[in-house]
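Chemist: In this note's numbering, the protein residues as written are 7 to 136.
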């Protein structure tokens with residue numbers, strides 16, 4: 007891993023389409039942006055935040071989420087997630103994450119990711135199949 011410092015940021019953006027609605031994802035019955043969709047966007051922002059600091063075969067996996075979804079977003083709006091690296095220790099990264107629609111803040115919280123080596127991690131996961 008290349009030298010990394012706190013306060014670096016990353017972002018990810020998406021349009022709220024039908025497949026990202028709670029009613030389509032099975033996480034609710036309403037036609038509003040689903041919490042799992044927001045969380046995935048926050049994770050993507052965190053990945054983007056440190057992507058340029060990873061070496062070959064290094065990647066990160068999500069290990070912890072503490073997220074509040076505080077405002078509903080209808081289909082058709084744009085959503086942007088932002089992540090800021092606030093702490094890293096060894097192979098663990100902690101991010102402050104926020105999501106916004108065109109009207110303002112819709113979610114916020116903390117997300118942790120862990121550095122792994124892709125090939126070794128995948129082989130270990132596949133070894134579970136017997």
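No residue lacks a Cβ here, since even glycine has one placed at the ideal position from N, Cα and C. Small disclaimer: the values here were computed from a predicted structure and weren't measured.
1) Anyone know if the C-beta pair for residue 26 and residue 40 falls short of 8 Å?
2) Can you pull the DSSP bridge partners for residue 18?
3) If you pair each beta-carbon of the segment 75 to 82 with each one of the segment 60 to 67, do three or more pairs fall below 8 Å?
4) Using only CA atoms, which one of 126, 45 and 120 lies nearest to residue 57?
5) What does a CB cutoff of less than 6 Å around residue 16 pick up in its chain, not counting 5 residues either side in sequence?
6) Kindly identify the DSSP beta-bridge partner or partners of residue 103.
Modeler: Inspection of the coordinates gives the following:
1) Residue mapping note: residue 26 aligns to position 20 of the chain shown, counting from 1. Residue mapping note: residue 40 aligns to position 34 of the chain shown, counting from 1. The answer is yes: Cβ separation under 8 Å.
2) What you label residue 18 is simply residue 12 of the chain shown in a count that begins at 1. Paired residue(s): 87.
3) no
4) As a working mapping, residue 57 is identified with position 51 in the chain shown. Minimum Cα distance to residue 57 is reached at 120.
5) Within the chain shown, residue 16 is the residue found at index 10, counting from 1. Closer than 6 Å at the Cβ level, and outside the excluded window around residue 16, lie 51, 54, 55 and 89.
6) For the purposes of this step, residue 103 is taken as residue 97 along the chain shown, with counting starting at 1. According to DSSP, which records beta bridges pairwise, residue 103 is partnered with 89 and 115.
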